[in-house]
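Working notes for the structure below.
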Amino acid sequence: MDHLLQTDTSLFYFINNTMQNSLFDKIMPVITDIHYWKIVILIVWLALIVKGGNKGRVAAILVIVVVGLSDLLIAQVIKPVVARIRPCNVLPHVNLLVGCGGLESYSFPSSHASNIFAAASFFGYKYKRLVAVFISIAILVAYSRVYVGVHYPFDVIGGAVVGIVCAWIILMLERRVCLFIEKRKRKSLKTLNHDRL
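In terms of the numbering used here, the sequence shown opens at residue 3 and continues consecutively.
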């Protein structure tokens, strides 16, 4: 366990200190801040509702469920149990580019990473031609959390895993519901045809 923590800390310093540069110092705080993404998210969500057809409308609704499940698991279950302090609150020489939060603002796993990977995995499955775009955005956001100094690398990896699992759960449930509905439709149609005969 100590070896894993040391590795995590070394990777943190590599990304946060060694990889530091003036360009990333400007763009990573923007990438990591959800407020800058709100308009883009709203436009995409509305486009799915208005232009996406039935598939888009279902995806727009279910992605809220996916991200909600991910956020609930992280914030209410995993973070309070693990209670890992953020690197910016315990490590020296951190290149901190955003607010760190208090000691009660726990680090593992990363909610940002979990939520973005949940959405990216879900949309990547629904729109396979764009999967590389979705995953690239998720990786960039996850990387930014380490670069700005508020998460260890293992925090964002753990968050990514939780997000992917949440997306998989909702996708499997959706599939089962669709199969159930289709089965009921076939049964009703069969009964209707039988009654006509």
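C-beta: ideal position from N, C-alpha, C; glycine also.
Exercise for the section: Closer than 6 Å by C-beta to C90: which residues in its own chain qualify, once you throw out the five before and the five after it? Chain order, please. Expected result: Translated into positions along the sequence shown, residue 90 becomes position 88. Cβ neighbours of C90 beyond the five flanking positions: V96, L98, C102, G151, V152.
Practice task
Any chance you could list the alpha helix (DSSP H) runs of at least 4 consecutive residues sitting entirely within the region 94–139, in chain order?
Solution key: 113–128
Practice task
Output the distance between the C-alpha atoms of V143 and A122, rounded to the nearest integer angstrom.
Solution key: Residue 143 sits at position 141 when you count from the first residue of the sequence shown. Residue 122 sits at position 120 when you count from the first residue of the sequence shown. In a straight line, the C-alpha of V143 is about 11 Å away from that of A122.
Practice task
Indicate whether the contact test is met: 3 or more Cβ pairs, each with one atom in the region 159–176 and one in the region 104–115, closer than 8 Å.
Solution key: yes
Practice task
Would you check if the region 122–132 and the region 43–63 touch, i.e. whether three or more CB-CB distances between them fall below 8 Å?
Solution key: yes
Problem - Check whether S116 and G165 have beta carbons under 8 Å apart - result: Within the sequence shown, residue 116 is the residue found at index 114, counting from 1. Within the sequence shown, residue 165 is the residue found at index 163, counting from 1. Contact flag set, yes.
Handout entry: Backbone CA spacing between L64 and I36 [nearest angstrom]
Key = As a working note, residue 64 is residue 62 in the sequence shown. As a working note, residue 36 is residue 34 in the sequence shown. Approximately 20 Å, taken between the alpha carbons.
Practice task
Per DSSP, which residues does I87 bridge with? Please list them.
Solution key: Counting from 1 along the sequence shown, the entry for residue 87 is found at position 85. Per DSSP, Y108.
Handout entry: Per-residue burial, I172 [other beta carbons within 10 Å of its own, 16 or more giving buried]
Key = In the sequence shown, the residue the question calls residue 172 occupies position 170. By the 10 Å Cβ count, I172 comes out buried.
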